[in-house]
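Q: For the sequence shown, the numbering used here assigns the number 9 to the initial residue and increments by one for each residue that follows. One structure, pasted below without further comment.
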Amino acid sequence: MAVSEIGLLGRFRGCQVGALLGDCLGAPFEGEAPATRSVLNNYFKRLRDPDLKVPYKAYTDDYAMTKCIAQSLLDCKKFDDKDIAKKFVKEFFAEPDRGYGGNVVDVFAQLRASKFSDVYAPAALQFNGSGSYGNGGAMRISPIALFCYNDGNDEVIDMARKSALLTHANRLGYNGAIMQCLAVHTVLHTDPGQLDSAAFVKDLIVRMKKAEKPTEDDILDKGENPYYYASRLEKVLELLERGDSVSQENVEEELGVHISAHMSVPTALYAFMRALKPIKNIEGINTYLLSTYYNMLAPTESEIRHKMAGNMAGEKLKSVVIVEMEQRHGEWLEESLCNQQKQLQKRGKPSNSQS
Numbered sequence: 009m010a011v012s013e014i015g016l017l018g019r020f021r022g023c024q025v026g027a028l029l030g031d032c033l034g035a036p037f038e039g040e041a042p043a044t045r046s047v048l049n050n051y052f053k054r055l056r057d058p059d060l061k062v063p064y065k066a067y068t069d070d071y072a073m074t075k076c077i078a079q080s081l082l083d084c085k086k087f088d089d090k091d092i093a094k095k096f097v098k099e100f101f102a103e104p105d106r107g108y109g110g111n112v113v114d115v116f117a118q119l120r121a122s123k124f125s126d127v128y129a130p131a132a133l134q135f136n137g138s139g140s141y142g143n144g145g146a147m148r149i150s151p152i153a154l155f156c157y158n159d160g161n162d163e164v165i166d167m168a169r170k171s172a173l174l175t176h177a178n179r180l181g182y183n184g185a186i187m188q189c190l191a192v193h194t195v196l197h198t199d200p201g202q203l204d205s206a207a208f209v210k211d212l213i214v215r216m217k218k219a220e221k222p223t224e225d226d227i228l229d230k231g232e233n234p235y236y237y238a239s240r241l242e243k244v245l246e247l248l249e250r251g252d253s254v255s256q257e258n259v260e261e262e263l264g265v266h267i268s269a270h271m272s273v274p275t276a277l278y279a280f281m282r283a284l285k286p287i288k289n290i291e292g293i294n295t296y297l298l299s300t301y302y303n304m305l306a307p308t309e310s311e312i313r314h315k316m317a318g319n320m321a322g323e324k325l326k327s328v329v330i331v332e333m334e335q336r337h338g339e340w341l342e343e344s345l346c347n348q349q350k351q352l353q354k355r356g357k358p359s360n361s362q363s
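Pasting the structure below:
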């Protein structure tokens, strides 16, 4: 589907703004018990009140690293692993109180101590050499999808994998980042009015089977499923087909709500896909807010799923729908709108075959 340059800019903005606001709006709910629908209806009603005066909600470590990746891509005009690692470390030591986890802090300390001699080594040595399977790599992946707008599947997979490996060396960790990146990249190339959830997930299954195919360097445990994300996507497809009969308990049990990538990335995708259609007992709000709302119904680590679902929902809506109602509530939003999105869009603007 052809994408105009003006329309593409709106979608680039929507992706990054959606991620930022998902981070800001979801952070207060992280680790808390699930809110009731009546409480959330009131919460989102207040968010849309133009007269509501409240302090900005701060972004977390995840968006701090998202900014670093975007800025590195713009500065270097290519993927530069050492530059990204340096930006991560500088950002952390300048503002360490963004909610960074202890494991990634250890990685940053080792990177600084080693003077970035091997930027992948600290993450690879974590957890007795098995690496982290957390979802941090997926949380910050959106600039890669935007930068690779004109690139093919292989290029997107390769860059997403390298980006995640800086902190998450476990297959489940970096493959979760790849899945999120492919999902964002695909939404960016899809007409918002023609996004078919079943077709989207089926296409993503094919792509993930290619991404997850073991190489000669991969050493799998006995009984380990090398195509974990492809199998999770099959479950996402099944849940979508069941519609309103799916309860939050079903989602928690069958997809998971956890800080690990494999128990949050598929859940975020499901929330976005589910929000493409009205959800029973949730008041009429746009797709972005609906996916955010739906994530808040599940306990623990909701901020993580808000941000990942926000990447995709923001692209679908374009930034104007989000910004008109929610920009008052997210730290750094105006600056992010004016700078990184426009520059990334120039790198990824439609080729001559597009109008």
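A virtual CB, placed ideally from N, CA and C, is assigned to each residue, including glycine.
Should the segment 247 to 261 be regarded as contacting the segment 169 to 186, the criterion being three or more beta carbon pairs within less than 8 Å?
A: no
Q: Considering only the alpha carbon of each residue, which of P200, N50, M187 lies closest to Y235?
A: When each option's Cα is compared against that of Y235, the closest is M187.
Q: Alpha carbon to alpha carbon, what distance is there between I227 and G18?
A: 43 Å
Q: Starting from the Cα of G145, find the closest Cα among V115, D162, H176, Y64 and give me that residue.
A: H176
Q: Would you mind listing the alpha helix (DSSP H) stretches within the segment 157 to 183 that are 4+ residues and don't spill past its ends, in chain order?
A: The segment 157 to 183 contains these whole alpha helix (DSSP H) runs: 161 to 173.
Q: In this structure, does DSSP put G109 in helix, strand or coil?
A: coil
Q: So is the beta-carbon of P104 under 8 Å away from any non-hydrogen atom of the ligand ATP?
A: Among the components modelled here there is no ligand, and therefore nothing to report on the ligand ATP.
Q: Using 8 Å for Cβ pairs, my map puts A269 next to G181. What's the rounded Cβ distance?
A: Yes, they are in contact, since the Cβ atoms of A269 and G181 sit about 5 Å apart, within 8 Å.
Q: Please name the residue in N183, N178, G184, D211 whose C-alpha comes closest to that of T194.
A: D211
Q: Please report the residue range of the alpha helix (DSSP H) in which I267 lies.
A: First-last for I267: undefined, no H or E at that position.
Q: Closer than 8 Å by C-beta to D91: which residues in its own chain qualify, once you throw out the five before and the five after it? Chain order, please.
A: S80, D83, C84
Q: I want to know whether the segment 139 to 159 touches the segment 199 to 216 - three or more CB-CB distances under 8 Å.
A: no
Q: Opposite G142 in the DSSP bridges: which residues?
A: S268
Q: Closest to D229 by CA distance: which of R240, N178, K218 is it?
A: N178
Q: Going by DSSP in three states, K285 sits in which element: helix, strand or coil?
A: coil
Q: Rounding to the nearest angstrom, what Cα-Cα distance links V328 and F20 in this structure?
A: At V328, the pLDDT of 43 sits below 50, so the modelled position is not reliable and the matter cannot be decided from this model.
Q: In three-state terms, what does DSSP make of S253?
A: helix
Q: Could you check what DSSP says for P58 in three-state terms: helix, strand or coil?
A: coil
Q: H155 lies in the alpha helix (DSSP H); which residues open and close that run?
A: Here the sequence assigns Phe to residue 155, which means His is not the residue at that position. First-last of the alpha helix (DSSP H) with F155: 150 to 155.
Q: Who are the Cβ neighbours of A168 in its own chain at under 7 Å, not counting the five residues just before and after it?
A: I149, I152, A185, I186, C189
Q: Work out the CA separation of A27 and N143 for me, nearest whole Å.
A: Here the alpha carbon of N143 sits roughly 14 Å from the alpha carbon of A27.
Q: Expressed to the nearest angstrom, what Euclidean distance is found between the alpha-carbon atoms of S140 and D59?
A: Each residue's Cα considered, the two are about 44 Å apart.
Q: Enumerate, from N- to C-terminal direction, the unbroken alpha helix (DSSP H) stretches of 4 or more residues contained entirely within the segment 73 to 121.
A: 89 to 102, 110 to 121
Q: When you compare each of G110, G107, V127 to K95 by their alpha carbons, which one comes out closest?
A: V127
Q: For A131, count the other beta carbons within 10 Å of its own beta carbon; 16 or more makes it buried, fewer makes it exposed. Which is it?
A: buried
Q: Taking buried to mean at least 16 other C-beta atoms within 10 Å of its own C-beta, is S255 buried or exposed?
A: exposed
Q: DSSP on D225, reduced to helix/strand/coil?
A: coil
Q: Measuring CB to CB, does F124 end up less than 9 Å from F100?
A: With respect to F100, F124 sits apart: the two C-beta atoms are not nearer than 9 Å.
Q: Can you give me the C-alpha to C-alpha distance between Q118 and K65, rounded to a whole angstrom?
A: Going by the C-alpha atoms only, they are around 31 Å apart.
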